Structure formats: structure tokens, C-alpha cells
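Chemist: Chains as they are written, first to last, in my numbering: chain A, 9 to 252; chain B, 13 to 480. Where is the CB? At the ideal position from N, CA and C, for every residue including glycine. Owing to the predicted nature of the structure, the values given are computational and were not obtained by experimental measurement.
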Amino acid sequence: MANALATATAATSASMAVRLNQVARTYRAGTIEVPALKNVSLEIPFHRFSMVIGQSGSGKTTLLNLIGCIDAPSGGTVEVCGQNLAELNDDATSDFRARNIGFIFQNFSLVPVLSAYENVEYPLLLIGTPPAERRERTLAMLQAVGLAEQARQRPNELSGGQKQRVAIARALVKGPQIVLADEPTANLDSATGASIIELMRRVQAQSRTTFIFATHDQQLISHADELFSIRDGKVVEHRTEAGR
Amino acid sequence: MKLLLKIALRNILRNRRRSLMTGSAVAAGALATLLFGGFAFYIFAGLETNNVQRIGHLTVFRAGYFLFGAGNPAGYGIERYHDVMTLIGNDPVLQPMINVITPTQSLLGIAGNFSGDNDASKTFIGVGLIPSNRQRMRRWDELRTGSIPPADSRLSDQDETRGLIGFGLARILGLCRALALQNCPSVPEPLASADIPSPVLNEDLGELARRDAGGTDHSAGAPHIELLAATVGGAPNVVSLTVSGAEPQAVKELDDNYIAMPLPLAQQLVYGRGEHKVTGIEIQLHRSEDLRAARARLNTLIRDNHLDLDVRDFAELTPFYGQAVRLFSVIFLFIALVMGVIVLFAVVNTMTMNVMERTNEIGTIRAMGVRRSGIRWQFIAEGWLIGAIGASVGAALAFMIAALVNRAGLTWVPPGNANPVPLHLAVTGSPALVIAVWIGLVLVATVAALLPANSAARLSVVDALRHV
Numbered sequence: 009m010a011n012a013l014a015t016a017t018a019a020t021s022a023s024m025a026v027r028l029n030q031v032a033r034t035y036r037a038g039t040i041e042v043p044a045l046k047n048v049s050l051e052i053p054f055h056r057f058s059m060v061i062g063q064s065g066s067g068k069t070t071l072l073n074l075i076g077c078i079d080a081p082s083g084g085t086v087e088v089c090g091q092n093l094a095e096l097n098d099d100a101t102s103d104f105r106a107r108n109i110g111f112i113f114q115n116f117s118l119v120p121v122l123s124a125y126e127n128v129e130y131p132l133l134l135i136g137t138p139p140a141e142r143r144e145r146t147l148a149m150l151q152a153v154g155l156a157e158q159a160r161q162r163p164n165e166l167s168g169g170q171k172q173r174v175a176i177a178r179a180l181v182k183g184p185q186i187v188l189a190d191e192p193t194a195n196l197d198s199a200t201g202a203s204i205i206e207l208m209r210r211v212q213a214q215s216r217t218t219f220i221f222a223t224h225d226q227q228l229i230s231h232a233d234e235l236f237s238i239r240d241g242k243v244v245e246h247r248t249e250a251g252r
Numbered sequence: 013m014k015l016l017l018k019i020a021l022r023n024i025l026r027n028r029r030r031s032l033m034t035g036s037a038v039a040a041g042a043l044a045t046l047l048f049g050g051f052a053f054y055i056f057a058g059l060e061t062n063n064v065q066r067i068g069h070l071t072v073f074r075a076g077y078f079l080f081g082a083g084n085p086a087g088y089g090i091e092r093y094h095d096v097m098t099l100i101g102n103d104p105v106l107q108p109m110i111n112v113i114t115p116t117q118s119l120l121g122i123a124g125n126f127s128g129d130n131d132a133s134k135t136f137i138g139v140g141l142i143p144s145n146r147q148r149m150r151r152w153d154e155l156r157t158g159s160i161p162p163a164d165s166r167l168s169d170q171d172e173t174r175g176l177i178g179f180g181l182a183r184i185l186g187l188c189r190a191l192a193l194q195n196c197p198s199v200p201e202p203l204a205s206a207d208i209p210s211p212v213l214n215e216d217l218g219e220l221a222r223r224d225a226g227g228t229d230h231s232a233g234a235p236h237i238e239l240l241a242a243t244v245g246g247a248p249n250v251v252s253l254t255v256s257g258a259e260p261q262a263v264k265e266l267d268d269n270y271i272a273m274p275l276p277l278a279q280q281l282v283y284g285r286g287e288h289k290v291t292g293i294e295i296q297l298h299r300s301e302d303l304r305a306a307r308a309r310l311n312t313l314i315r316d317n318h319l320d321l322d323v324r325d326f327a328e329l330t331p332f333y334g335q336a337v338r339l340f341s342v343i344f345l346f347i348a349l350v351m352g353v354i355v356l357f358a359v360v361n362t363m364t365m366n367v368m369e370r371t372n373e374i375g376t377i378r379a380m381g382v383r384r385s386g387i388r389w390q391f392i393a394e395g396w397l398i399g400a401i402g403a404s405v406g407a408a409l410a411f412m413i414a415a416l417v418n419r420a421g422l423t424w425v426p427p428g429n430a431n432p433v434p435l436h437l438a439v440t441g442s443p444a445l446v447i448a449v450w451i452g453l454v455l456v457a458t459v460a461a462l463l464p465a466n467s468a469a470r471l472s473v474v475d476a477l478r479h480v
């Protein structure tokens, strides 16, 4: 599989989904400074299934948090969909996330008091989608992830795989530019995890949404169009699969 | 907004026990505040009704009477009072407002009972009135307190010699047995000689009264007393009063001194053969809400006609009314304040726990694009909803308990009353109270949610997502 991926130079296209320039992120634990990312520069193209791979504590989640503009860098600049995130205030950043970014979390993070349908519909309410369109898109998305029958069920009535399918539907329903998936299969058994990966690959291929997928599982790299290996807060390798 | 309330309601139901406890605190606050508020409103209505039945809404006096007239009522008589009453009664502005307009005469003097073995006398505070007008005034019950005294035939326009005295005065004058009064002890014997009026004076008073009444001797009929007072000119005057009954008064000092008699008899005592005047013209309105307008119009009439008169309302004439209203208002505010503080802490505690438990959820929906203000409104909505549900349940319980109490037929003697009246909790009849308590408690619950809501809104998204 490694042969299927060819080492590539950084893309230089102007239409990059993500562009990081010398980005650093340091956390403080009391008086101790812990560098999570060290001067990372990378570019992630649109419409690709990109994968960030690295061991636990390597900085994958920090990288996704910065791209998802739920965290701010200690240094450097982060551009997402051509927008320098440092130029946005808090409300504008929230609005940017609402329109352009979908999240899929390791622990599913569904709103427990809402049904599967309502969880998927929620992002559309945030961007003011009209009711009829909202209903149509929500049902279509639940259909796409195979959960039309479970639309009325609450998260506590769903299995882990079903919850993650709802999370995928929720992330995609608004038609975001980028979907960030942070270890989405880590809490699932291998068979369910594989089906989730297949599902994500399928909907990505259909929707041409940019997926950025963080994982520590080496077995998943065969699914990647773009692969970023990260270790100790640095991107140590970037490969693009030839022909994809 | 719909989604906000939907999520708020479901989150409240998610922690049923905690929400139930907090909602119960709000409901208990609403219940206690409304029941006491209803009781206080009933007290206010009872006091007002009692006063308006007794002295009307407004009384017209000679200027200066209010401040100095108690020492010499006769000196502050209103001349040509029939003309003044006609002026007021025929005024096109006042006429539709007025229920009863009636003259009264206040007087001071000495009452004595010298019939049979009795030889007792006592200073008295008297009032001369028109019995039929008194009856009409006692039927006023605009505020529906149900405290209308039964028709009283003991005073009559036709018999100007009959009067009522205070229960205490009847006891002091030794009239308990003659009036067949219960719980009324006889005068103990022997009295200290210093307290016994001079027998010579007593005989003189009796003789004077008999002469004044055309030589009629009452000793063989209904009990009667002699009333001695100084006329306007300073000369002593005596009349005889047939005591047709005793009426307990709310205050002991008044009960021991009170005499009510027909106006002509009072005028005869005070003015003799001179011009008969009155010390006051009482005006009872149909509705208390007209009081301010009626008073303003009266002042205009007095000014335009250059009359040396003054107008006072019942609250000025009975300071106890204002004192009781203030006392109950302060107690009500105190109870409302205590309940508000309890609700405040209960809601703050519940919402703080909710924020802690839902930290990860807050991180998730912030990541989805919900603004900080959205998170803040979410928790404020939950506080508001707990307050609204709790206050509504409390109000419903207050209505039910009030209905049960009101139908139980309980009676009590409220302050300022001498006789028992039905116990009533005026909760349903006070929509302003219900609305104010409901809004107040919901506002407290909403404000209480602000602090935890702000904490939730300030959470860092990354930290919230990491929270386990």
C-alpha cells in the first residue's frame, strides 16, 4: 500500500482548502510549556480525502482543532478556504464554522436530548435553512447513511456505529467545505469501523467534500488520497496517492 | 427560539429529580407569596370596606376641624349645611359618583345612668347621624368582602331619642342587665367614694333631662341615660337618650366612650335652640377608584364658592388603615424577598450542575457553530422555563388552596373590626398580584441562570470537548 502512495511535493494550488504557515501551538500546564505543534507548514487541497496519521500525543487533534478554528495558534497563520482565521472575531469564527466546517468526533458527541433526525437537522437551523429544504436535506442525509428508520430515536437508543453514522450525517448535511474527523473509528469495533470508513469514503466521493481524517491506525492509510504523517508536533511526511 | 425552548424543556426533563426539586422551590415560593398576598389584599379590602361603611370615602369639615376640632367639635360646625349638601349632591360631576351623602355631628360630654340603683357616669365621644343613611352606608361592599352588617333597626329616623352605645360604655354605666348583654360583668361594689359622682349633681342632671324632654319619665321603660354637654355658647345642656342597644367597637378606648344617636338629638344637645349645624358631611362613593377625582372636584367647588371648608379621605381620618396597609405590605415584601432568595440559590445550584454535566455537549455545539450568546441563551431559557413551570404550578396550587379556604366558612376578627367576618384569601380576585408574583419569580429564576450561563458561554471549545 505504501507503494500506492508517492511522495509528493507540497501542492501549490491557489485553491487550497487549508494552508498552514509556520504554525505553532504550545499549551501551558502551570509553569511548564508543552509544544503540541512546532512550526508546521502544510497545504491540503479541496475535494480530497486527506488523512493525518500519527501516534497518540503526536499533535493530530491539535492540528484538526486549529483547522476547525476551535483553537488558535500560538504562532503562524492558519488559512481555511482562503480565510485567514486570525482576522475573524469570536462570533465570525462561529459563523464560519457553522457554514464551512463539519466535525465528526471520536466519542460521537451527539446532543443527547435530540433525536437522530433533530441532531442532523441542527446544523441547518444554525445557518437559517428554510424548513422545507431543511426537512428534505435531513431525510436525504439520514437515508444516505442508512438511518432513515432510526430518525426518531434518541442517541441512547442507537448503537455506536449508528451514532457515528448520525454524526457523519450531521457533519455533511449543511454541505460544508471541509469535514474534520478526529479518530472517528477509535471507539468502534473493527467491522463497524471499517463500515464507517467505507461510508465516509462513499459520501466523500459523492459529495466531493474535503475530508481531513485523523487516526493512529496504520491500516487505514489505504483510504487516503493525501497522507500527512505527524510525529512530535511536526509533519514528517506528506504523500499523495498517485492517480487519485 | 422554538429549538431553544425544545432543548431547554428536554434538558429539564433529562434531570427529572433535580428539576423537580428546583421547580418545587419555585412553586413553594409562588404558593407562599400568593397565599399571603391574597390574605393581605383581603385585609386591605376589609379595612377599606369597614372604614367606608363607617365614615364614607370623603368627609367635608370646617377648615381647621381636622387639626383642632376634636377639642371643641361644636366650635367647628358647618353653617347652612343643607345648602352645602345640595351644592355637592347636585353637582353634575359628583352626582354620578356619590352613593350616600349625609351630615354628622361629633360631640363630647358626660353620660350618666341614674335609673334605679344605678349611679354611674362617664365622659363620652358621641356622633349624631341619620340612621337611614347609616344603613345605606353599611351596605357598601364594592370589594366583595362579604362583610355587610345585618340591618340594624335599633336606630330610627322616626325616633330621635333612641341611640346606641359602646359595649364598654354599657358595662361602665351598669347597663349590662338592662340591655341583656352577654359576657358583660356588673359594676363591682363598693366603688371608691372619689369615683362616685356627686348624688346632688346626678339628681340635677336627671331632673334637667326630664324637663328638657317635656317631663317624660323613662325609668319604667327601656334603659335610658342622660347626656350632658356644653353648647356652643358654653352653657350646659342635657338630653335623655333611650339606649336601644350596645355595639362593640374595635378599639377599647372608643368602646368605653362611644355613643351614636340621631342627628337631631345631637344637634339639640350641642346647639340648643340656636342654628343647628353639623361638624361633617360624609360622602360615600359608589367606587373607591373615583376617590381622587371626587376629592379634586370637591376642592374645586369649595374654592369656587369661597367656602371655609376642608376635605379629608378615610385614610387620613383613620391612621390605623395606613399603618395596617404598610405593616402587611412590609411583611409581604419580606416573604417575597425570602422566597426570591431561596429560588435564586436553588436555580443557581441546579444550573451550575447542568453546566458541569454538559460541558462536552457545550463544546460540541460550539464546534458546530453556535455562538457564545447561543450557549448563554440556552441556559437562560432553561432557568426561565424552570421558573415559569414552577411559578405556574405554585399559582395553580394557591388558587386551589384559596378556593378550599374560602369555601370552608371560616371567620375571624380582623384588625380594626369588632365583629367576626368571613376569612377569605383574595388570590383569584387579585390578577395584578398573581401576575406580579409570577413575573417576579420567573425573573429571579432567569437572572439566577445568568451566572452559570455566562460560565458556560465563556468555556473554551477545546477544553469543553476534552471534558469527560
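Quick one: using the 10 Å Cβ neighbour count with 16 as the cut-off for buried, is B:Q194 buried or exposed?
Modeler: Translated into the one-based positions of the second sequence, residue 194 of chain B becomes position 182. With fewer than 16 Cβ atoms within 10 Å of its Cβ, B:Q194 is classed as exposed.
Chemist: Output the boundary residues of the alpha helix (DSSP H) element that contains A:A213.
Modeler: To locate residue 213 of chain A, count along the first sequence from 1; it is residue 205. Here the alpha helix (DSSP H) through A:A213 covers S198 to S215.
Chemist: Cα separation between A:Q63 and A:S203?
Modeler: Taking the first residue of the first sequence as position 1, residue 63 of chain A is located at position 55. Taking the first residue of the first sequence as position 1, residue 203 of chain A is located at position 195. Roughly 23 Å between the two C-alpha positions.
Chemist: So is the beta-carbon of B:Q107 under 7 Å away from any non-hydrogen atom of the ligand GTP?
Modeler: Absence of the ligand GTP from the depicted structure is noted, as is the absence of any ligand whatsoever, leaving it without description.
Chemist: Near B:A206, what residues of its chain come up, given a Cβ to Cβ distance below 7 Å and the 5 sequence neighbours on each side ignored?
Modeler: Here the question's residue 206 of chain B lines up with position 194 in the second sequence. Note that B:A206 scores a pLDDT of 49, beneath 50, so its modelled location is shaky and nothing firm can be said.
Chemist: I'd like to check one pair, A:V128 with A:V181: are the Cβ atoms closer than 8 Å?
Modeler: For the purposes of this step, residue 181 of chain A is taken as the residue at position 173 of the first sequence. For the purposes of this step, residue 128 of chain A is taken as the residue at position 120 of the first sequence. It is a contact, given that the beta carbons lie within the stated cut-off.
Chemist: Look up A:K242 in the DSSP assignment and say whether it is helix, strand or coil.
Modeler: Working through the first sequence from its first residue, we reach residue 242 of chain A at position 234. Note: A:K242 maps to strand in three-state DSSP.
Chemist: Taking buried to mean at least 16 other C-beta atoms within 10 Å of its own C-beta, is B:V323 buried or exposed?
Modeler: As a working mapping, residue 323 of chain B is identified with position 311 in the second sequence. So B:V323 ends up on the buried side.
Chemist: Measure the C-alpha to C-alpha separation of B:M363 and B:G395 and round it to an integer number of angstroms.
Modeler: Within the second sequence, the letter at position 351 stands for residue 363 of chain B. Within the second sequence, the letter at position 383 stands for residue 395 of chain B. In a straight line, the C-alpha of B:M363 is about 7 Å away from that of B:G395.
Chemist: Between A:G76 and chain B, is any beta-carbon pair separated by less than 8 Å?
Modeler: Position 68 of the first sequence, counted from the start, is the residue given in the question as residue 76 of chain A. Chain B, which has a Cβ nearer than 8 Å to the Cβ of A:G76, makes this yes.
Chemist: What residue range does the beta strand (DSSP E) around A:G84 cover?
Modeler: On the first sequence, position 76 is the one that residue 84 of chain A refers to. Run containing A:G84: G83 to V88, per the beta strand (DSSP E) assignment.
Chemist: What is the residue span of the beta strand (DSSP E) that A:M24 lies within?
Modeler: As a working note, residue 24 of chain A is residue 16 in the first sequence. Looking at the DSSP string, the run of the beta strand (DSSP E) that includes A:M24 is M24 to A37.
Chemist: Which residue wins for smallest C-alpha separation from B:I314, given the options B:D95, B:R174, B:R29 and B:I354?
Modeler: To locate residue 314 of chain B, count along the second sequence from 1; it is residue 302. Taking the Cα of B:I314 as reference, the smallest distance to any Cα among B:D95, B:R174, B:R29 and B:I354 is reached at B:D95.
Chemist: Please tell me whether B:A5 and B:V359 are closer than 8 Å, where the distance is taken between their beta carbons.
Modeler: Residue numbering for chain B in the displayed model covers 13 to 480; residue 5 of chain B lies beyond these limits and cannot be assessed.
Chemist: Just how far apart, CA to CA, sit B:N102 and B:C188?
Modeler: Residue 102 of chain B sits at position 90 when you count from the first residue of the second sequence. Residue 188 of chain B sits at position 176 when you count from the first residue of the second sequence. B:N102 and B:C188: Cα-Cα distance of roughly 45 Å.
Chemist: List the endpoints of the continuous beta strand (DSSP E) containing B:P115.
Modeler: If you number the second sequence from 1, residue 115 of chain B lands on position 103. Per DSSP, B:P115 is one residue of the beta strand (DSSP E) stretching across I110 to N125.
Chemist: Of all Cβ atoms in chain B, is any one closer than 8 Å to the Cβ of A:L150?
Modeler: Numbered from 1 along the first sequence, position 142 holds the residue referred to as residue 150 of chain A. No, A:L150 lies away from the interface with chain B (no Cβ there is under 8 Å from its Cβ).
Chemist: Would you identify the three-state DSSP class for B:V244, choosing helix, strand or coil?
Modeler: Taking the second sequence and counting its residues from 1, one reaches residue 244 of chain B at position 232. In the structure shown, B:V244 sits in coil (DSSP, three-state: anything other than H, G, I, E or B).
Chemist: Any C-beta of chain C within less than 7 Å: which residues of the region 196-209 of chain A qualify?
Modeler: Protein chains A and B are contained in the structure displayed, whereas chain C is not.
Chemist: B:P143: which of B:T116, B:D131 and B:R22 sits nearest, CA to CA?
Modeler: Taking the first residue of the second sequence as 1, we reach residue 143 of chain B at position 131. For B:P143, the nearest C-alpha among the options comes from B:T116.
Chemist: So, using beta-carbon positions, are B:W152 and B:T291 closer together than 8 Å?
Modeler: Sequence index remark: in the second sequence, residue 152 of chain B carries index 140 (1-based). Sequence index remark: in the second sequence, residue 291 of chain B carries index 279 (1-based). No, the pair does not count as a contact, with Cβ atoms beyond the cut-off.
Chemist: Within the 8 Å Cβ cut-off, does B:I19 reach chain A?
Modeler: Reading the second sequence from its first residue, position 7 is the one you call residue 19 of chain B. Judged by the 8 Å Cβ criterion, B:I19 is in contact with chain A.
Chemist: Anything in the region 371-402 of chain B with a Cβ closer than 9 Å to a Cβ of chain A? List those residues in chain order, please.
Modeler: N372, E373, G375, T376, I377, R378, A379, M380, G381, V382, R383, R384, S385 and G386
Chemist: Here's the rule I'm using: 16 or more other beta-carbon atoms within 10 Å means buried, otherwise exposed. How should A:E273 be labelled?
Modeler: Look at the range of chain A in this structure, 9 to 252, and you will see that residue 273 of chain A is not part of it.
Chemist: By the three-class DSSP mapping on this structure, what secondary structure does B:W152 have?
Modeler: Counting from 1 along the second sequence, the entry for residue 152 of chain B is found at position 140. Of the three classes helix, strand and coil, the one that applies to B:W152 here is coil, per DSSP.
Chemist: Report yes or no: do three or more beta-carbon pairs, one from the region 417-437 of chain B and one from the region 51-71 of chain B, lie closer than 8 Å?
Modeler: yes
Chemist: Count the other CB atoms, across all protein chains shown, that sit within 10 Å of the CB of B:G246; report buried if there are 16 or more and exposed otherwise.
Modeler: Here the question's residue 246 of chain B lines up with position 234 in the second sequence. It counts as exposed.
Chemist: Who pairs with B:L253 in a beta bridge, going by DSSP?
Modeler: To locate residue 253 of chain B, count along the second sequence from 1; it is residue 241. Looking at the DSSP assignment, B:L253 forms a beta bridge with B:I237.
Chemist: Quick check: is the beta carbon of A:S230 nearer than 8 Å to any beta carbon in chain B?
Modeler: Indexing the first sequence from 1 puts residue 230 of chain A at position 222. No, no contact with chain B.
Chemist: With DSSP as the reference, please indicate the residues paired to B:Y333 in a beta bridge.
Modeler: Counting from 1 along the second sequence, the entry for residue 333 of chain B is found at position 321. Partner(s): none; B:Y333 has no beta bridge.
Chemist: For B:R307, collect the residues of the same chain with a Cβ closer than 7 Å to its Cβ; drop the 5 residues on either side in sequence, then sort them by chain order.
Modeler: Residue mapping note: residue 307 of chain B aligns to position 295 of the second sequence, counting from 1. Closer than 7 Å at the Cβ level, and outside the excluded window around B:R307, lie L70, V323 and D325.
Chemist: Taking the straight line between their C-alpha atoms, what separation do you get for A:R209 and B:V382?
Modeler: Reading the first sequence from its first residue, position 201 is the one you call residue 209 of chain A. Reading the second sequence from its first residue, position 370 is the one you call residue 382 of chain B. Looking at the two C-alpha atoms, the distance is approximately 28 Å.
Chemist: Establish whether the CB of A:Y263 and some CB of chain B are separated by less than 8 Å.
Modeler: This structure leaves residue 263 of chain A out entirely; chain A is present only between 9 and 252.
Chemist: Around the C-beta of A:V244, are 16 or more other C-beta atoms found within 10 angstroms, so that it is buried, or is it exposed?
Modeler: Position 236 of the first sequence, counted from the start, is the residue given in the question as residue 244 of chain A. Exposed, since its Cβ has fewer than 16 Cβ neighbours within 10 Å.
Chemist: Rounded to whole angstroms, what's the CA-CA distance from B:A430 to B:L185? Just pull it up for me.
Modeler: For this step, residue 430 of chain B is matched to residue 418 along the second sequence. For this step, residue 185 of chain B is matched to residue 173 along the second sequence. Whole-angstrom Cα-Cα distance: 20 Å.
Chemist: What's the gap between the Cα of B:S127 and the Cα of B:S252?
Modeler: Your numbering for residue 127 of chain B matches position 115 in the second sequence. Your numbering for residue 252 of chain B matches position 240 in the second sequence. The alpha-carbon atoms of B:S127 and B:S252 are separated by roughly 12 Å.
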